[in-house]
Amino acid sequence: MSPHPQDDLFAPAPGFAAPAPAYVPPSSGLLKGLNPEQHAAVTLGQEPALILAGAGSGKTRVLTTRIAWLMSQGLVTPGGVMAVTFTNKAAKEMVTRLSAMLPVNVRGMWIGTFHGLCNRFLRAHWKLAGLPQGFQILDASDTVSAIKRVIKAMKLDEERYVPKQVGWFIAGAKEDGLRPKDIEARDEQSRVQVQIYQAYEDQCQREGVVDFAELMLRTYELLRDNAALREHYQHRFQYLLVDEFQDTNKLQYAWLKMFAPPGRGQGVFAVGDDDQSIYAFRGARVGNMSDFEREYRVKRVVKLEQNYRSFGNILDAANELISRNSHRLGKNLRTEAGPGEPVRVNESASDFAEAQWLLEEAQALHRQGLARQEIAILYRSNAQSRVLESALFNAGVPYRVYGGLRFFERAEVKHALAYLRLIENANDDTSFLRVVNFPARGIGARTIELLQDAARISGRSLYQSVSAVAGKGGSNLAGFVNLVESMRNLTQGLTLREIIEQIIETSGLAEFYRNDKDGAERLENLAELVNAAEAFVTQEGFGKDAVALPVDELAPGAIAEGLPRAVAAAAVTPDAETGEIMSPLAAFLTHASLEAGDNQAQAGQDAIQLMTVHSAKGLEFDAVFITGLEEGLFPHENSMSDADGLEEERRLMYVAITRARQRLYLSFSQTRMLHGQTRYNVKSRFLEELPESALKWLTPRNQGFGSGFAKEYQSAWERGAGLKSVVGAGRVEKPAYGAASATPSFAAAPVPKSMKQAAAEKVGAEHGGLRVGKGVFHTKFGEGVLMTLEGSGADARAQVNFGRHGMKWLALSVAKLTPID
DNA sequence: TCAATAGTTATTTTT
DNA sequence: TAACTATTGA
Numbered sequence: 001m002s003p004h005p006q007d008d009l010f011a012p013a014p015g016f017a018a019p020a021p022a023y024v025p026p027s028s029g030l031l032k033g034l035n036p037e038q039h040a041a042v043t044l045g046q047e048p049a050l051i052l053a054g055a056g057s058g059k060t061r062v063l064t065t066r067i068a069w070l071m072s073q074g075l076v077t078p079g080g081v082m083a084v085t086f087t088n089k090a091a092k093e094m095v096t097r098l099s100a101m102l103p104v105n106v107r108g109m110w111i112g113t114f115h116g117l118c119n120r121f122l123r124a125h126w127k128l129a130g131l132p133q134g135f136q137i138l139d140a141s142d143t144v145s146a147i148k149r150v151i152k153a154m155k156l157d158e159e160r161y162v163p164k165q166v167g168w169f170i171a172g173a174k175e176d177g178l179r180p181k182d183i184e185a186r187d188e189q190s191r192v193q194v195q196i197y198q199a200y201e202d203q204c205q206r207e208g209v210v211d212f213a214e215l216m217l218r219t220y221e222l223l224r225d226n227a228a229l230r231e232h233y234q235h236r237f238q239y240l241l242v243d244e245f246q247d248t249n250k251l252q253y254a255w256l257k258m259f260a261p262p263g264r265g266q267g268v269f270a271v272g273d274d275d276q277s278i279y280a281f282r283g284a285r286v287g288n289m290s291d292f293e294r295e296y297r298v299k300r301v302v303k304l305e306q307n308y309r310s311f312g313n314i315l316d317a318a319n320e321l322i323s324r325n326s327h328r329l330g331k332n333l334r335t336e337a338g339p340g341e342p343v344r345v346n347e348s349a350s351d352f353a354e355a356q357w358l359l360e361e362a363q364a365l366h367r368q369g370l371a372r373q374e375i376a377i378l379y380r381s382n383a384q385s386r387v388l389e390s391a392l393f394n395a396g397v398p399y400r401v402y403g404g405l406r407f408f409e410r411a412e413v414k415h416a417l418a419y420l421r422l423i424e425n426a427n428d429d430t431s432f433l434r435v436v437n438f439p440a441r442g443i444g445a446r447t448i449e450l451l452q453d454a455a456r457i458s459g460r461s462l463y464q465s466v467s468a469v470a471g472k473g474g475s476n477l478a479g480f481v482n483l484v485e486s487m488r489n490l491t492q493g494l495t496l497r498e499i500i501e502q503i504i505e506t507s508g509l510a511e512f513y514r515n516d517k518d519g520a521e522r523l524e525n526l527a528e529l530v531n532a533a534e535a536f537v538t539q540e541g542f543g544k545d546a547v548a549l550p551v552d553e554l555a556p557g558a559i560a561e562g563l564p565r566a567v568a569a570a571a572v573t574p575d576a577e578t579g580e581i582m583s584p585l586a587a588f589l590t591h592a593s594l595e596a597g598d599n600q601a602q603a604g605q606d607a608i609q610l611m612t613v614h615s616a617k618g619l620e621f622d623a624v625f626i627t628g629l630e631e632g633l634f635p636h637e638n639s640m641s642d643a644d645g646l647e648e649e650r651r652l653m654y655v656a657i658t659r660a661r662q663r664l665y666l667s668f669s670q671t672r673m674l675h676g677q678t679r680y681n682v683k684s685r686f687l688e689e690l691p692e693s694a695l696k697w698l699t700p701r702n703q704g705f706g707s708g709f710a711k712e713y714q715s716a717w718e719r720g721a722g723l724k725s726v727v728g729a730g731r732v733e734k735p736a737y738g739a740a741s742a743t744p745s746f747a748a749a750p751v752p753k754s755m756k757q758a759a760a761e762k763v764g765a766e767h768g769g770l771r772v773g774k775g776v777f778h779t780k781f782g783e784g785v786l787m788t789l790e791g792s793g794a795d796a797r798a799q800v801n802f803g804r805h806g807m808k809w810l811a812l813s814v815a816k817l818t819p820i821d
């Protein structure tokens with residue numbers, strides 16, 4: 001049943017030919033094609049700036065062009081720029097685009113996510129931050145299980161103190177810059193939560209691990225409390241750029257102010273869109289934008305309102321909708337692309353019928369020449385994907401669902417990583433507990449309890465307490481310790497790849513999954529882990545976070561201004577024997593927790609994209625379907641009670657609408673299966689908030705509850721029900737992590753030779769015959785090829801490819817490298 | 001130590 | 001409905 005005849009043919013992408021510019025920018029090639037607002041933003045001087053960047057207004061281009069422009073004008077060197085993003089993807093994109101524009105030394109630049117930059121900072125100043133040199137990072141699930149252990153150890157009721165919620169509380173406190181001592185507990189509940197927070201903090205410190213929020217807070221605190229260090233970084237970074245400023249939380253803004261306080265005269269460039277703030281529930285404060293404008297005395301707010309993405313009707317809908325929100329900074333998107341097609345609205349009798357309609361419409365678009373990956377189906381909550389998947393699967397249409405488990409979050413991968421972490425740091429109790437009895441080796445809950453008691457009493461780690469447990473459990477535990485010890489011995493001197501292969505075998509994981517009837521996929525993932533490690537090591541500059549230290553970049557003035565030499569010296573502590581700066585394994589483990597891996601559509605596979613509206617942020621598609629536009633769902637019932645919640649839902653809708661380039665469909669259903677019950681829904685208020693002139697109803701407007709839809713619904717579900725068991729089997733093959741979807745390596749980026757060579761030649765002369773590209777000999781690692789030389793004097797370091805020993809970073813003051821011919 | 005069973009809960013989630 | 005957790009029984 002096609003709900004309507006195909007009334008007009010889908011026009012292939014017309015291409016948004018840029019209109020003849022009324023304004024002719026200066027001759028510089030970099031600035032060519034920028035509109036006046038973009039041009040103004042890019043060429044602002046060294047002053048605080050707030051850029052209101054609407055959806056599709058060329059924000060990333062402005063950001064990268066500004067950095068390139070600053071450098072090309074000689075206003076700043078790579079070392080003087082910091083650019084912060086929220087996602088690894090955004091950071092990577094910036095680096096890629098930048099290196100395409102300019103011959104830049106990407107390694108020296110501080111471009112990364114908030115957490116990535118904090119990691120880099122703390123790796124350099126671990127001693128001052130009170131961390132062990134090889135500290136590891138807990139991901140979200142590690143954090144919850146660590147908290148769970150604390151709650152158990154304190155013998156508290158897990159019903160009353162739910163680990164996840166306590167985790168929320170702790171993260172929330174940290175994001176407000178609060179330590180346990182800073183929180184005044186008003187009631188029993190929060191008093192105990194503070195105690196848990198304190199105990200958790202002690203535990204993390206003991207184990208040498210930090211969670212995501214801790215990365216931010218430690219960095220903030222160290223800068224706050226160490227004037228010399230703060231001075232150094234403020235002096236160093238002359239230009240700072242922050243992407244997605246509307247998503248920053250309180251701590252992130254405070255963090256920024258440590259690097260660049262108002263009035264210090266640095267060029268702080270904050271880019272954001274208050275209308276796209278959809279993470280308030282996670283602590284994001286849109287208010288940071290107006291605070292920034294006020295505190296930094298921003299002279300001119302630049303608004304980027306010219307949209308290069310969507311046709312007029314789509315923008316009209318977006319503008320009209322968002323105008324209903326109050327407290328906006330004020331912005332209206334415009335386009336020169338013409339009205340385009342109307343926004344189509346469809347009503348269905350049931351969620352099943354909706355899925356069926358969607359399927360047919362999407363197929364029609366595809367037949368008219370639209371690639372499947374240019375079609376996105378958006379929904380408010382994940383649960384809604386089921387019916388859609390079912391329909392697509394039955395029709396044999398390739399699709400991809402965003403937002404499942406990511407690569408490094410898969411159980412088998414986490415198991416392997418836990419073994420690796422134990423090799424690096426045996427006191428990591430989280431990792432210990434994860435694998436002490438996996439694969440099963442006769443260590444039960446009782447034994448673990450005894451061990452935990454012993455550890456608690458002596459204040460030592462589980463690993464260190466093993467000898468305290470006697471009996472059968474004790475001997476099994478001793479066996480586990482022996483296993484870890486032997487893994488550490490066996491992996492000495494191996495490449496990262498070999499280390500991982502070795503532990504996958506010795507740990508018994510491979511054996512376990514080989515015997516498991518559906519362990520094949522898990523084995524594949526473990527193989528993929530090996531590939532990921534290989535790809536990681538091959539990337540030029542893999543250990544950059546450990547070695548890109550401030551020492552060699554100290555502006556002469558900074559030392560004069562009092563940065564103690566000791567601070568600088570504390571930065572690098574190479575291995576005493578080999579001179580190695582950071583082991584590839586340690587670097588890889590950090591990478592694994594900071595970047596959970598992709599779960600994005602595989603390139604080359606043409607599949608329809610399914611995702612929540614949240615995960616669609618930042619993406620764009622030729623055709624977009626927004627589904628489930630019903631009161632209670634979108635806007636979600638949990639957000640409808642207060643005005644702020646409703647406004648955030650409206651912004652969410654705004655984000656959804658502005659994803660579409662050419663075609664936008666809005667869809668809702670009279671009934672929907674929710675929590676096992678059929679719910680009768682009213683269409684979303686957001687539909688009423690759109691301009692009638694931009695819409696085209698495919699079904700009669702205000703159609704009442706019609707004839708016998710329930711019957712149709714019933715039979716439809718019965719047809720669908722038999723196929724539920726196979727839902728998901730039709731998903732497109734999962735992306736390969738290492739090989740196929742590994743990030744484009746920095747090595748592959750076109751870093752022009754001239755600059756690289758010049759840099760190499762410059763330092764090359766200083767290091768007694770060592771030349772980049774030539775052979776070197778190391779007493780332990782043997783022969784290798786010198787890849788990079790940088791720094792000078794005591795801080796000089798080299799990156800060497802030792803073939804079977806892999807790529808390594810070495811401190812020349814320690815490592816004995818001799819040139820060979 | 002595990003597998004079966006009962007009970008519970010149900011937005012969004014860049015790091 | 002279905003997915004996840006916690007407990008129980010073999």
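In UniProt numbering, the protein residues as written are 1 to 821.
From the three backbone atoms N, C-alpha and C, an ideal C-beta is built for every residue, glycine too.
For clarity, every value in this text was computed on a predicted model and none was experimentally measured.
CA nearest to the CA of residue i, picked from the options
i, options, result
"L50", "V302, H591, V772", "V302"
"T678", "S669, F686, S684", "S669"
"L629", "V345, A587, L240", "V345"
"A533", "P635, V776, E498", "E498"
"A694", "G369, L321, E485, L817", "L321"
"N319", "Y654, K774, L610, R380", "Y654"
"V682", "L633, N525, E689", "L633"
"V814", "I820, K808, N801, R797", "R797"
"Y239", "G784, E47, P439, V106", "E47"
"Q609", "I377, V481, T538, S583", "I377"
"G340", "P180, E93, A623, K774", "A623"
Residues that residue i bridges to, as DSSP identifies them
i, result
"residue 860", "Given that the chain is displayed from residue 1 to residue 821, the structure contains no residue 860 and the question cannot be resolved."
"K808", "V800"
"E269", "It is worth fixing the name first, because residue 269 is Phe in this sequence and not Glu. Partner(s): A49, L241."
"residue 826", "The requested residue 826 is not part of the displayed model; the chain covers only 1 to 821."
"F135", "None; F135 has no bridge partner."
"N249", "A284"
"H636", "G632, L633"
"F621", "A660"
"V401", "L610"
"G775", "V785, I820"
"residue 861", "For residue 861 there is no data in the structure shown, the boundaries of the chain being 1 and 821."
Presumed contact (8 Å Cβ cut-off) between residue i and residue j, rounded CB distance
i, j, result
"G136", "D316", "Correcting the residue type first, residue 136 is Gln in the shown sequence and not Gly. Going by Cβ atoms, the distance from Q136 to D316 rounds to 51 Å, so no, they are not a contact pair."
"Q373", "D606", "6 Å"
"R406", "G597", "5 Å"
"L417", "L589", "7 Å"
"E244", "G272", "6 Å"
"I278", "H778", "No, I278 and H778 are not in contact; Cβ-Cβ is about 51 Å, not under 8 Å."
"I503", "V530", "About 10 Å separates the two Cβ atoms, so there is no contact after all."
"Q276", "A260", "Actually they are not in contact, since the Cβ atoms of Q276 and A260 sit about 24 Å apart, beyond 8 Å."
"G177", "A254", "6 Å"
*Can we say the region 192–212 touches the region 149–162, given the rule of at least three CB pairs closer than 8 Å?*
Three or more beta-carbon pairs drawn from the region 192–212 and the region 149–162 are found closer than 8 Å, and the two stretches are therefore classed as touching.
*asked:* Suppose only complete runs of 4+ residues qualify. What are the alpha helix (DSSP H) ranges in the region 452–524, listed by chain order?
replied: Listed in chain order, the complete alpha helix (DSSP H) runs (minimum 4 residues) inside the region 452–524 are 462–465, 471–490, 496–506, 509–515.
*How do the region 103–120 and the region 72–81 stand: do at least 3 beta-carbon pairs fall below 8 Å, yes or no?*
At 8 Å Cβ cutoff, the stretches touch.
_Counting beta carbon pairs with one atom in the region 122–134 and one in the region 214–232, are three or more of them shorter than 8 Å?_
With a cut-off of 8 Å, the region 122–134 and the region 214–232 count as touching, because enough Cβ pairs lie within range.
*asked:* Whether or not the region 661–676 and the region 408–422 are in contact is what I'm after, with contact meaning three or more pairs of Cβ atoms, one per stretch, closer than 8 Å; do they touch?
replied: As far as the Cβ criterion goes, the region 408–422 does not touch the region 661–676, which means the pair count is below three.
_Three Cβ pairs or more, each shorter than 8 Å: is that satisfied between the region 352–360 and the region 388–399?_
Between the region 352–360 and the region 388–399 there are three or more inter-stretch CB-CB distances shorter than 8 Å, so the stretches are counted as touching.
_Quick check for students: name the residue ranges of the alpha helix (DSSP H) that lie wholly in the region 582–619, counting only runs of 4 or more._
Listed in chain order, the complete alpha helix (DSSP H) runs (minimum 4 residues) inside the region 582–619 are 584–594, 613–616.
*Using 8 Å as the Cβ pair cut-off and three pairs as the minimum, do the region 141–151 and the region 196–205 touch?*
Remark: three or more beta-carbon pairs, one from each stretch, lie closer than 8 Å, so the region 141–151 and the region 196–205 are flagged as touching.
*Evaluate the contact criterion for the region 55–70 versus the region 92–107: three or more CB pairs, one atom per stretch, below 8 Å.*
Taking a cut-off of 8 Å for Cβ pairs, the region 55–70 and the region 92–107 touch, as three or more such pairs fall below it.
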